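K.L.:
Please find one structure pasted underneath; my questions will follow.
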Amino acid sequence: MQTSIIILSYNTKDLLHKCLTGLLNHLPKEKTEVIVVDNASKDESVTMIKNEFPAVILMENSKNLGFGAGINRGVEKARGKYLLFLNSDAMVHDASIERMIELLESDEQIGVAGGLLKYPDGKVQRSYGAFYTLPSVCKMLLLGDKGELWGRTEDKPKSVDWVSGGFMLIRKEIFDTINGFDPYFFMYVEDMELCYRVKQLGYTVYV
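With my numbering as the guide, the letters of the sequence shown map in order to residues 24 to 230.
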């Protein structure tokens, strides 16, 4: 197994259906497994997966564990050399995942790779960046995402401090070494904190 794709879902039945449909149309099934961790959804997400995506590995939480702890639980079932964390509202339209894997295969010092997240109209979302400092936080508070995205180019892979957990590829051996996401972060900045620990080990992070 080359890649384990782990999707955390909470009341996102329709979005999750589109996400899974896109994935299964773009990925080599013999090298890829898809694991969905349901964070105690109240909609029909679980029933939909069981009925329409029998090949998907489903893990049901009895309560909402948050992002990091939920992903950690999914990794317990993962058999892949690489782990890909993907938001349930993401749509895969091209070979981005394969290119991210090729990037990690080409350089053993790259520990994490992130893909660009875009809005439906094609505008780039804030899905990578530098670790926070007091000036950068002030800039973000004053200008919002526009301040963080100003002047950036996305024409080729580049080294960054962190990438979004909404589209993050990491070597499983590294994830295991750092004991995964810190479960004390229920939601937000857990991806930045994980990338910080990866870089502390001497690996690089690319988008």
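For each residue, glycine too, the CB sits at the ideal point set by N, CA and C.
On a predicted model such as this, the values are computed, not experimentally measured, just so you know.
1. Please report the residue range of the beta strand (DSSP E) in which MET114 lies.
2. For VAL57 and SER150, I'd like the C-alpha separation in whole angstroms.
3. SER119 and CYS42 look like a contact to me (Cβ under 8 Å); what is the Cβ gap, rounded to whole Å?
4. Figure out for me which residue from LEU88, ASN202 and GLY225 has the closest Cα to the Cα of ASN62.
5. Do VAL186 and GLY137 have their CB atoms nearer than 8 Å?
6. Would you check if there are 3 or more beta carbon pairs closer than 8 Å linking the segment 209-223 to the segment 182-196?
7. Any idea if LEU165 is buried or exposed, counting beta-carbon neighbours within 10 angstroms, 16 or more meaning buried?
8. Suppose only complete runs of 4+ residues qualify. What are the alpha helix (DSSP H) ranges in the segment 71-143, listed by chain order?
P.N.:
Taking the structure as given:
1. Mapped onto the sequence shown, residue 114 falls at position 91. Element bounds for MET114: n/a, residue is neither H nor E.
2. For the purposes of this step, residue 57 is taken as residue 34 along the sequence shown, with counting starting at 1. For the purposes of this step, residue 150 is taken as residue 127 along the sequence shown, with counting starting at 1. Roughly 22 Å separates the two Cα atoms.
3. What you label residue 119 is simply residue 96 of the sequence shown in a count that begins at 1. What you label residue 42 is simply residue 19 of the sequence shown in a count that begins at 1. Actually they do not touch by this definition, with Cβ atoms about 14 Å apart.
4. By 1-based counting over the sequence shown, the position of residue 62 is 39. Selected option, being the one with the closest Cα: LEU88.
5. Here the question's residue 186 lines up with position 163 in the sequence shown. Here the question's residue 137 lines up with position 114 in the sequence shown. Cβ distance < 8 Å, so VAL186 and GLY137 count as in contact.
6. At 8 Å Cβ cutoff, the stretches touch.
7. Numbered from 1 along the sequence shown, position 142 holds the residue referred to as residue 165. Counting Cβ neighbours within 10 Å, LEU165 comes out exposed, since fewer than 16 surround it.
8. Runs of the alpha helix (DSSP H) inside the segment 71-143: 90-98 and 119-129.
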